Structures are given as structure tokens and as C-alpha cells.
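**Q**
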Amino acid sequence: MRRKSYLCFLTITMAVIFLLMFVMYSTMTAHSAASERRKDFHILGRPLYKLDASWPKSSEYFTGDVFGVAVNHLAGLVYVAQRGDDVPKVLVFTTDGDFMQAWNTTTLEMPHGIFLANASSDPTVWVTDVGNGPYGHTIKQYSPSGKLLQVLGSPGKAGSGLSPLQFDQPSEIFVHDPTGEIYIVDGDGGMNNRLIKLSRDLQMLWMHGEKGQGLAQFDIPHSVAVDNSQRVWVADRRNKRIQVFNSVTGDWLGSWGSCFMEDAPYSVRLTPDQKYLVVVQLNTNQVSLLDAPPVGIIGQCRVVSSIQLAEDIKPHLVDLDQRNGALYVAEIGAQQAQKFTPFTLGNFL
Numbered sequence: 001m002r003r004k005s006y007l008c009f010l011t012i013t014m015a016v017i018f019l020l021m022f023v024m025y026s027t028m029t030a031h032s033a034a035s036e037r038r039k040d041f042h043i044l045g046r047p048l049y050k051l052d053a054s055w056p057k058s059s060e061y062f063t064g065d066v067f068g069v070a071v072n073h074l075a076g077l078v079y080v081a082q083r084g085d086d087v088p089k090v091l092v093f094t095t096d097g098d099f100m101q102a103w104n105t106t107t108l109e110m111p112h113g114i115f116l117a118n119a120s121s122d123p124t125v126w127v128t129d130v131g132n133g134p135y136g137h138t139i140k141q142y143s144p145s146g147k148l149l150q151v152l153g154s155p156g157k158a159g160s161g162l163s164p165l166q167f168d169q170p171s172e173i174f175v176h177d178p179t180g181e182i183y184i185v186d187g188d189g190g191m192n193n194r195l196i197k198l199s200r201d202l203q204m205l206w207m208h209g210e211k212g213q214g215l216a217q218f219d220i221p222h223s224v225a226v227d228n229s230q231r232v233w234v235a236d237r238r239n240k241r242i243q244v245f246n247s248v249t250g251d252w253l254g255s256w257g258s259c260f261m262e263d264a265p266y267s268v269r270l271t272p273d274q275k276y277l278v279v280v281q282l283n284t285n286q287v288s289l290l291d292a293p294p295v296g297i298i299g300q301c302r303v304v305s306s307i308q309l310a311e312d313i314k315p316h317l318v319d320l321d322q323r324n325g326a327l328y329v330a331e332i333g334a335q336q337a338q339k340f341t342p343f344t345l346g347n348f349l
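As numbered in UniProt numbering, residues 1 to 349 make up the sequence shown, in order.
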């Protein structure tokens, strides 16, 4: 009887040990996977953001070079644009990190910028295509499920700068809500170096189109955003500056260059409260928040906080959830997108 009790005790003990080892292994494996996806980073200046290491829940869907990201804050969806041979060009996740679908479209060659327009009424997804093949040099509008709705530009034909809708490697598009006015930076290394404003019905309202280092001239205009104070912010990449324009008249308002001595600005967006500009510097692997100046003043740029990513992450373009301020970063080198959330919800509301 005593021997049976001992054997029973031994069996239970071994089972408990095995169960504990299994739980520890599962935890370590999950932690290792999250660490591999997370990469190293640290905060410089004021701590405004923290990494959400649980987003997305499944990172194996990233199979190409991740170039852009766009958020529909009302539907709770995140669209990720990626490049590569035989990879889906757009991946769709929820803001909670669940994978929803992939667009296996043949109409996209090399997506660069991606933008979610009209979130509150009739949401559509705009993608700039910098490819040199039969579908490139265009800007395409899609339904939320990936159905092609409209193509701006002449597919496969690089523009000369004479026609506002003849693009040469268009970098990014920004559609202003609720007016529907369209802002385009055209020139990711091609012949064009333009900032174009179009009406909702695609009529040109104004344009700056000279290459150079002077006022209102560009050398690879790479990203564009519009604030609530009638100002257009353009990341003028090769000139290592941000230029600012009046959104109604197109008049030049100012320029920021002192914050970009080491590396150029690649992406520009505004937090929901319009207090900060979020700017990406690819070569130094930084995502920085700059004070947005009050109306009527441009002044000098001032960095408030920076997310210093690990070497070779290569952040490219960003977007923000306009509901809660969550920041999504497209990272070419790491072949992933990452989510950062405000330390306190009230930071950007």
C-alpha cells in the first residue's frame, strides 16, 4: 500500500514538473518570438511613446520590404504596403493585431506611399506606384477590400512635369478630409520634383515644380501632410529640410533644416491634437516628434522626443490613428511594421 502511494505521488510530481516545464518553454518561445519581432530601441527626450510588442499577433505575413502604412481609425484597420517578387502588395490587419486579408493584386508593381481617405463616409485606399513597368508611375485608388477604382497618371509612362497628372515615381498622396482636395508629392528619384494640389474632381489648383535648393524648389519631395491651420508640410528629402506652404494659395511659408543636419526627413505626419509633427529619418533609424508651431509662425524646428530604433531597421513612412494617437511605422530594413502607443491616452487627444 505504501509503495502504491509512493508511485502515485511520484507520478503526480513528474506530471506537475512536466507541466511547469511546458509552460516555461511556451513562455520563453513566445517571448523570444516577440523579441525577434520587436527589435531594440530606446527613447531620447520626453517619453511620449512606448512599443506595443504584441502588434501584429502574427508577423509571418510580412514577406517583403515594408514601405508604407495607413490607418482607418473608424474601422480599426491598418493597411501595410510591401514590395517584392511574388508577395501580396497590401496586407490588412486590425488595430488589435489580427490579420484580416492580403491584396493579391496584379495592378501594383512597386508601392511607395499609402493613404486612407474619407474614413467617416466612403473610405478608400490610395497607393502611389513607383514601378517602371506597365503599371508604374501612377497613383491608384482602391476599395477597402482591394478592388481597383481609379488610376491617376498614364500607366508605364514617366511624366515630363508638363502635365499635373503625368507622374514620374510619385512618392505620396494626402487627401484632405472633408474637402476631398488632393496633395501629391511627385518625384521619388525621377525627373519630376513637384508638389501638386488638385480639387476633388482632379482639377489642378496650384503646383510647385522646380528642382533645386531655393524656396519652393525640391529635390525628392518624399512625403506630404496637411494640418488644421491651412498649412502643407513637405519632407524635401535630398535637401534635408521640411518646407511649409499655405494650403489655399500655395504660398511658401517657411522651411526647417536645422533638425536634419545628420539625415533627411523621409515622412511627415501630425498627431491628432496637432501639437507634434512626426518625422522619420531612415538612415539614422529615428522617429522624432517635433513641436508644431502655432498659426502664423513657422520659426525653428525643435525635437521634443525621438524613438531611436536599432541599426538597419530603416523606418520609411508612418501613419497615426486619429482616434487614440497610436503610431505605426513601416520599416524597410526590418521588413515589418511596428505599433507604438502613447504613454498616456490624453497625450494626443
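Every residue, glycine too, gets a C-beta built ideally from N, C-alpha and C.
Predicted, not measured: the structure shown is a model, and the values here were computed from it.
I'd like the list of long-range same chain contacts for Ser35, defined as Cβ closer than 7 Å, with 5 residues on each side in sequence excluded.
**A** Confidence in Ser35 is poor, its pLDDT being 41 and thus under 50, which makes the residue's placement unreliable; the coordinate value appears in the next sentence. Cβ within range, chain order: n/a, list empty.
**Q** Tell me the rounded alpha-carbon separation between Trp55 and Asn72.
**A** Computed Cα separation, rounded: 16 Å.
**Q** When you compare each of Pro293, Val185, Gly180 and Ser247 to Ser199 by their alpha carbons, which one comes out closest?
**A** The option with the nearest alpha carbon to Ser199 is Gly180.
**Q** For the beta strand (DSSP E) that contains Asn72, what are its first and last residues?
**A** Residues Asp65 to Asn72.
**Q** Would you say the region 138-145 touches the region 96-116, given that touching needs at least three Cβ pairs under 8 Å?
**A** Counting Cβ pairs under 8 Å, three or more are found: they touch.
**Q** When the Cβ atoms of the region 282-292 are set against those of the region 58-77, are three or more pairs found closer than 8 Å?
**A** Taking 8 Å as the limit for Cβ pairs, the verdict is that the region 58-77 does not touch the region 282-292.
**Q** Quick one: is Asp201 buried, meaning 16 or more other Cβ sit within 10 Å of its Cβ, or exposed?
**A** Flag for Asp201 reads exposed.
**Q** Per DSSP, what are the beta-bridge partners of Ser288 in this structure?
**A** Paired residues: Val279 and Ser306.
**Q** Which residue comes first and which comes last in the beta strand (DSSP E) that contains Gln338?
**A** Taken as a continuous stretch (DSSP letters only), the beta strand (DSSP E) holding Gln338 covers Gln336 to Pro342.
**Q** Using DSSP with H/G/I as helix, E/B as strand and the rest coil, what is Ser223?
**A** Of the three classes helix, strand and coil, the one that applies to Ser223 here is strand, per DSSP.
**Q** May I have the straight-line CA-CA distance separating Arg238 from Ser120, to the nearest angstrom?
**A** Near 35 Å, if we compare the C-alpha coordinates of Ser120 and Arg238.
**Q** What does a CB cutoff of less than 6 Å around Gln338 pick up in its chain, not counting 5 residues either side in sequence?
**A** Hits under 6 Å: Val329.
**Q** Could you pull the start and end residues of the beta strand (DSSP E) that Gln101 belongs to?
**A** Its beta strand (DSSP E) spans residues Phe99 to Trp103.
**Q** Whole-angstrom Cβ separation of Ile242 and Asp251, contact assumed at under 8 Å?
**A** That pair is no contact at about 16 Å.
**Q** Identify whether residue 363 lies in helix, strand or coil by the three-state DSSP scheme.
**A** With the chain covering only 1 through 349, there is no way to say anything about residue 363.
**Q** Measure the beta-carbon distance from Pro221 to Asn246 and round it to whole angstroms, keeping in mind my assumption that it falls under 8 Å.
**A** Rounded, the Cβ-Cβ distance is 17 Å, inconsistent with contact.
**Q** What are the start and end residues of each continuous beta strand (DSSP E) run of 3 or more residues lying completely inside the region 169-209, in chain order?
**A** If we require 3 residues or more, the beta strand (DSSP E) runs fully inside the region 169-209 come out as 170-175, 182-186, 194-198 and 204-208.
**Q** Quick check on the DSSP output: the beta strand (DSSP E) that includes His112 runs from which residue to which?
**A** Unbroken beta strand (DSSP E) run through His112: Pro111 to Ala117.
**Q** What are the boundary residues of the beta strand (DSSP E) that includes Glu331?
**A** Residues Leu327 to Glu331.
**Q** If we count Cβ pairs, one from each stretch, closer than 8 Å, do we get three or more for the region 297-305 versus the region 42-50?
**A** As far as the Cβ criterion goes, the region 297-305 touches the region 42-50, which means the pair count is three or higher.
**Q** Which residues in the same chain have their Cβ closer than 6 Å to the Cβ of Ala102, if we skip the five residues on either side of it in sequence?
**A** Counting only Cβ-Cβ distances below 6 Å, and skipping sequence neighbours, we find Pro88 and Leu91.
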